[in-house]
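A.B. asks: No gaps in the numbering here: position 61 of the sequence shown is 61 in full-length UniProt numbering, and each next residue is one more.
Next up is a structure, given as structure tokens.
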Amino acid sequence: LFGQTKSIDIPTFKSFLISQIQTMFDVEEIDLYILYYYLDALNTMEELDDSLDSDLHSTIYKYLNETNQNGGVCCNISCCISGNDLD
Numbered sequence: 001l002f003g004q005t006k007s008i009d010i011p012t013f014k015s016f017l018i019s020q021i022q023t024m025f026d027v028e029e030i031d032l033y034i035l036y037y038y039l040d041a042l043n044t045m046e047e048l049d050d051s052l053d054s055d056l057h058s059t060i061y062k063y064l065n066e067t068n069q070n071g072g073v074c075c076n077i078s079c080c081i082s083g084n085d086l087d
């Protein structure tokens with residue numbers, strides 16, 4: 001109906017997303033909206049604990065917990081992505 005179906009190589013896409021996230025933190029220009037969508041895409045493919053290495057996971061966790069939010073702090077990355085409030 002809308003033309004050819006486009007496919008994506010999952011490992012390449014995951015590597016791209018992780019690289020983009022790492023770059024955000026390396027250059028200290030974190031866009032929470034973009035970070036959310038990158039993490040959501042990764043979480044859709046597999047658990048974030050499996051996708052992210054422990055250093056990047058810790059960096060994101062620390063950043064999110066130090067960010068003021070209306071609903072308090074984020075208890076874990078998966079919680080923030082899924083929208084569950086485990087506080």
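No residue lacks a Cβ here, since even glycine has one placed at the ideal position from N, Cα and C.
For the stretch 23-31 and the stretch 51-69, state whether three or more C-beta atom pairs, one from each stretch, are separated by less than 8 Å.
C.D. replies: These segments touch.
A.B. asks: Does the contact criterion of 3 or more C-beta pairs under 8 Å hold for the stretch 45-57 versus the stretch 3-19?
C.D. replies: The stretch 45-57 makes contact with the stretch 3-19: 3 or more CB pairs, one atom from each, lie closer than 8 Å.
A.B. asks: Considering L64, what are the terminal residues of the alpha helix (DSSP H) in which it resides?
C.D. replies: 54-66
A.B. asks: Distance check for Y36 and D85, CA to CA, integer angstroms please.
C.D. replies: Confidence is the limiting factor: at D85 the pLDDT is only 47, short of 50, which leaves the residue's position unreliable, though a coordinate-based value still follows. Cα-Cα distance, rounded: 16 Å.
A.B. asks: Assign residue 132 to one of three DSSP states: helix, strand, or coil.
C.D. replies: Outside the shown range of the chain (1 to 87) lies residue 132, about which nothing can therefore be said.
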